[in-house]
Structure formats: C-alpha cells, structure tokens
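Number of protein chains: 2
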Amino acid sequence: MTRQLPSATVARLTVYLRSLSAMLADGVERVSSEALAETAGVSSSNVRKDLSYLGSHGTRGVGYEVQRLSGNIAATLGLTHDWRVAIVGAGNLGRALARYTGFESRGFDVVALFDADQLIVGNEVGWLRVSDVRDLEVVLARTRATMVVLALPGTVAQQVCDRVVAAGVHSILSFAPVVLQVPDSVNLRKVDMATELQILAYHAQRIHEPGDGPGRPSA
Amino acid sequence: MTRQLPSATVARLTVYLRSLSAMLADGVERVSSEALAETAGVSSSNVRKDLSYLGSHGTRGVGYEVQRLSGNIAATLGLTHDWRVAIVGAGNLGRALARYTGFESRGFDVVALFDADQLIVGNEVGWLRVSDVRDLEVVLARTRATMVVLALPGTVAQQVCDRVVAAGVHSILSFAPVVLQVPDSVNLRKVDMATELQILAYHAQRIHEPGDGPGRPSA
Chain A
1 MTRQLPSATV
11 ARLTVYLRSL
21 SAMLADGVER
31 VSSEALAETA
41 GVSSSNVRKD
51 LSYLGSHGTR
61 GVGYEVQRLS
71 GNIAATLGLT
81 HDWRVAIVGA
91 GNLGRALARY
101 TGFESRGFDV
111 VALFDADQLI
121 VGNEVGWLRV
131 SDVRDLEVVL
141 ARTRATMVVL
151 ALPGTVAQQV
161 CDRVVAAGVH
171 SILSFAPVVL
181 QVPDSVNLRK
191 VDMATELQIL
201 AYHAQRIHEP
211 GDGPGRPSA
Chain B
1 MTRQLPSATV
11 ARLTVYLRSL
21 SAMLADGVER
31 VSSEALAETA
41 GVSSSNVRKD
51 LSYLGSHGTR
61 GVGYEVQRLS
71 GNIAATLGLT
81 HDWRVAIVGA
91 GNLGRALARY
101 TGFESRGFDV
111 VALFDADQLI
121 VGNEVGWLRV
131 SDVRDLEVVL
141 ARTRATMVVL
151 ALPGTVAQQV
161 CDRVVAAGVH
171 SILSFAPVVL
181 QVPDSVNLRK
191 VDMATELQIL
201 AYHAQRIHEP
211 GDGPGRPSA
C-alpha cells in the first residue's frame, strides 16, 4: 500500500465487501459491476472506478471473481488480521457496542471495556469484565488494543481522548457529541446519532413541514 | 428553502451548530470564521463557503454574531420545531438510543420504541413502554412519528423497513449492517459501527502493522 485512496472509495469498499461476503455465503462465484453496484446502492461507474484503484478490472461479459475480489478488498482495508478494540464507557451505548456481533464477524475483537463508575467496574458485559478507567494505560498495554471507541459523556471525552492518545493509540472512534482535538498523527472518526438525525431533518423539511401532518397516504 | 445544499455542507452545518451552542452557553457574542473553523475542525474557507449558502456573511475583523448565526443554521436544518422519532428494536442498541440524551437536547423526541420479542414488549425503557412491532403502523400513526431509527438485526431489517416506508415515513436512520432498498422519495441514512472501524483500519494499517506492536512510545 503506497497510495492513499479517496475517502469516499474507502467507505464504498466496506459496502462492497459486505455485499461480496453475502454472495460468498450464497455460493455466487462471479459478479458484474452492475450487480455489485445494485446490491451496494451505488453507480456501476463508481464500482469500476473504485475497484480499478485496487488493480481489479472485471472481464467484460464475465465480471469479477467474488472470492478474489473479496480478498483483495479485505487486504486493501487491512482486514486480513484481527484488530483489537477497547471501548471506554460502559453505559447503554458502550454495553451495546461491546455486544455488537457485527464487530467480531468482521475482524474486530473487543478486548477491553472501561468505566469510571465504581458500581459498574468489575461487572460482566458479555464475556468482558468492566475495567476501571483509572487503569486505562495499563489495560490498553496489556490487551494490546490498537483502536479505541469512546462511548462516554461529552464532558469527559477530551480528557479521556488525551490519555488514549498519550498511550499511543492512533485510531479512535468517538460517539461523544463534542468536537475532540487530536494530533495530526491520530485518526479520529466521529459517529453522532443526533448529527445523522439533523441531516435527515434537513431533507425531511424539504419534503413536508411536520405541521402539515406526518406525510402519510390519506387512504 | 429552495436550493439543495451540498451534503458535505449539511453535515458541517450540524458541527457548526454544536460549536455555536457551546459558545452561546459560554456567553460568547461574536466568532470569527477562523475560530469557528478551529472548534469545528474544518478549514476557515469551508466555513465561509458553507455560511455564504445561508446568506450569512461575516464582517471583516468582527466575524459572525453567534446567536443570529446559530438561529440561521437551525432554521436551515429544519430544527426550529421538534421531530418525533420512533425506534424499532429494543435490544442493547435500541435501548441505548432511546436513552440517548443528545436527541432530546437537539430537538428530537423519541416517541415510540418497538420490539418483536414478547419478553421485551411492555417493558419500560426510560419513560417509554416497548410496543409490539406487530402494531407498528398503528403506533406510528398514533404517535405521529415522522422519523424512524432501525436498530434491529440485518435479517429482518428490509422487511421492517418496507413496512415503515408503506406507513408513510420518509426519513429512516438504519443501524442494521445490511444494504436496504427504499424508494427514491425516502431518505435513508446508514450508521454502521463496523464500517467506521473498517475505515479506521484502512488508515491504521498505513501507519503500522499490528504485528509490529501497538505503536506505543517505547518509553
């Protein structure tokens, strides 16, 4: 890997990979860019462009080999080995994430779960025992976690984020509803459910004002 | 609102709004595009371009009025009234979302929570009682929900999504790890935690191979 892929391509590769995994499970051996585009919900020209970055060019009239393409995408995304993930925050969201089956099936092992609340520390969530966030550095090192998910209140997010960065973790996924500052060497991605709803709201108001009713068929 | 804003602008407006809300709470009256850019983690040229779509032009050397700009963005995003949100799926994730305080504080009222499991139906989650998903259409109509969040397994997601669409809901946020098909008239946004981790993995493998150790300082 020498070339940085466009971020939109990286995001779409994860979608193709999911579609290809389903095809593999169904015993599908070959797929056209059109069929892959349809299952992934993007244009077939996007599919061809994205896959050409990987050096995968489909054969006209034959398409792509599902297994080879799947392996190629997984290798490009760095998913050929398991990643070790620690979750900080064992509230509702942190517990939901710790039990999220979608992680393990796609190569992400949740190896630690932290909380500051002494009533929660030591509890079992799934097969994990909640660690004390005071021991963050020690447990991150012991579990060799290379990714951290922040599922904690905005008020403490920056402070915990700073400790995670200082511990040498370069990949952070934050669910905290605040803007976090990290050094350039750290990759921070943010998931904010309220932001997603706000974007939906923007589009929804263009269709109908809620005051006009819920927009259901009158029948 | 007659003009469709670029999707990247809509996403950034939600970030500016969050930063401006924090400034309002701190009693800040004016902000420069540079300062707003820094708190939002984007370039100041992006800030100026995004805000010019709204007709908000900062005054050189003075900047933007925080309160006016905040109101302008909220109006643009359609956040001047509350949106009524229903959540389908009362597992770990659905319960976490139902209790997510970030929704209500930003104008999203969770008005219903559904599950198919008869052991969960009727339970209280926060101040909501879990409804039977068999009653989906009736409860959506009664609660006048105009947005639906899908927090359910991939295996049943398309089927429930179809019912939600047929019930007249045009705005759907899905956490299910599958590609969903909806009519063009429906706005579907997808949040997939594994996808976010996969994107992190792509960047992480460019920094170091996990086999090389966790990338921590050797000291």
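Those protein sequences? They're chains A and B, same order as listed. Residues in the first sequence are numbered consecutively from 1, following the UniProt record's numbering. Residues in the second sequence are numbered consecutively from 1, following the UniProt record's numbering. Every residue gets a Cβ at the ideal spot worked out from N, C-alpha and C, and that includes glycine.
Collapsed DSSP secondary structure at residue i in the structure displayed
i: A/Arg-84; result: strand
i: A/Phe-175; result: coil
i: B/Ser-44; result: helix
i: A/Glu-65; result: strand
i: B/Arg-30; result: strand
i: A/Val-130; result: strand
i: B/Pro-217; result: Model confidence at B/Pro-217 stands at a pLDDT of 39, short of 50, so the residue's coordinates are unreliable; what they give is reported in the following sentence. Looking at B/Pro-217 - three-state DSSP - the assignment turns out to be coil, as it is neither helix nor strand.
i: A/Asn-72; result: helix
i: B/Arg-99; result: coil
i: residue 245 of chain B; result: Here chain B covers residues 1 to 219 and nothing more, so residue 245 of chain B does not appear.
i: B/Leu-36; result: helix
i: A/Gln-4; result: coil
i: B/Gly-94; result: helix
i: A/Gly-154; result: helix
i: A/Gln-159; result: helix
i: A/Gln-118; result: coil
i: B/Leu-20; result: helix
i: B/Leu-197; result: helix
i: B/Leu-13; result: helix
i: A/Leu-136; result: helix
i: A/Leu-77; result: helix
i: A/Leu-51; result: helix
i: A/Glu-209; result: For A/Glu-209, the pLDDT reaches just 49, beneath the cut-off of 50, and the residue's location in the model is therefore unreliable, although a value from the coordinates is still provided. Three-state result, A/Glu-209: coil.
Interface residues of chain B facing residue i [CB-CB closer than 8 Å]
i: A/Tyr-103; result: The residue you asked about is not Tyr; residue 103 of chain A is Phe in the sequence shown. Simply Met-193, Ala-194, Leu-197.
i: A/Val-164; result: Simply none; closest approach about 11 Å.
i: A/Val-15; result: Val-179, Thr-195
For residue i, the residue or residues it bridges with in DSSP
i: A/Phe-108; result: A/Trp-83
i: B/Met-147; result: B/Val-85, B/Ser-171
i: B/Leu-188; result: B/Ile-172
i: B/Leu-113; result: B/Ile-87
i: B/Thr-59; result: B/Gly-63
i: A/Glu-124; result: A/Arg-129
Proximal chain A residues relative to residue i, where beta-carbon distance stays under 8 Å
i: B/Pro-177; result: Arg-18, Gly-102
Interface partners of residue i on chain B, CB under 9 Å
i: A/Ala-157; result: Residues of chain B passing the Cβ test: none, with the nearest at roughly 12 Å.
i: A/Ser-171; result: Leu-197, Leu-200, Ala-201, His-203, Ala-204, Ile-207
Below-7 Å beta-carbon distance, residue i vs any chain C residue
i: A/Asn-187; result: In the structure shown, chain C does not exist; the protein chains are A and B.
Within chain B, partners of residue i - CB distance below 7 Å
i: A/Val-10; result: Ile-199, Tyr-202
i: A/Gly-41; result: Val-179
- Query: Would you say the segment 101 to 108 of chain B touches the segment 116 to 132 of chain B, given that touching needs at least three Cβ pairs under 8 Å?
  - Reply: Flag = no, the segment 101 to 108 of chain B and the segment 116 to 132 of chain B do not touch.
- Item | Residues from the segment 23 to 39 of chain A in contact with chain B, defined by Cβ distance under 8 Å | Those residues of the segment 23 to 39 of chain A that come within reach of chain B (Cβ to Cβ, closer than 8 Å) are Thr-39.
- Item | Residues of the segment 83 to 109 of chain B with Cβ closer than 9 Å to any Cβ of chain A, in chain order | Listed by position, the residues of the segment 83 to 109 of chain B near chain A (Cβ gap below 9 Å) are Trp-83, Arg-84, Val-85, Gly-91, Asn-92, Leu-93, Gly-94, Arg-95, Ala-96, Leu-97, Ala-98, Arg-99, Tyr-100, Thr-101, Gly-102, Phe-103, Ser-105, Arg-106, Gly-107, Phe-108.
- Item | Inter-stretch contact (C-beta, 8 Å, three-pair minimum) for the segment 145 to 160 of chain B and the segment 182 to 192 of chain A | Result no; under three Cβ-Cβ pairs closer than 8 Å.
- Query: Do the segment 162 to 174 of chain B and the segment 92 to 101 of chain A make contact, defined as three or more Cβ pairs closer than 8 Å?
  - Reply: In short, these stretches do not touch, since the Cβ pair count stays below three.
- Mind the definition here: the segment 105 to 123 of chain B touches the segment 80 to 92 of chain B only if three or more C-beta pairs lie below 8 Å; say whether that holds. Output reads yes: the segment 80 to 92 of chain B touches the segment 105 to 123 of chain B.
- Message: If the cut-off is 8 Å on Cβ atoms, which residues from the segment 49 to 80 of chain B count as contacting chain A, listed in chain order?
- Response: Among the residues of the segment 49 to 80 of chain B, those with a Cβ less than 8 Å away from any Cβ of chain A are Thr-76, Leu-77, Gly-78, Leu-79, in the order of the chain.
- Task: Check whether the segment 61 to 71 of chain A touches the segment 27 to 38 of chain A, counting contact only when three or more Cβ pairs, one atom from each stretch, lie closer than 8 Å.
- Result: Touching, yes.
- Task: Would you check if there are 3 or more beta carbon pairs closer than 8 Å linking the segment 68 to 76 of chain A to the segment 49 to 57 of chain A?
- Result: The answer is yes - the segment 49 to 57 of chain A touches the segment 68 to 76 of chain A, with three or more Cβ pairs under 8 Å.
- Message: Three or more C-beta pairs under 8 Å: does that hold for the segment 158 to 169 of chain B against the segment 133 to 146 of chain B?
- Response: In this structure the segment 158 to 169 of chain B touches the segment 133 to 146 of chain B; the number of beta carbon pairs closer than 8 Å is three or more.
- Query: Is it true that the segment 192 to 209 of chain A meets the segment 9 to 17 of chain B, where meeting means three or more beta-carbon pairs spaced less than 8 Å apart?
  - Reply: Yes, since at least three Cβ pairs between the segment 192 to 209 of chain A and the segment 9 to 17 of chain B fall closer than 8 Å, the two stretches touch.
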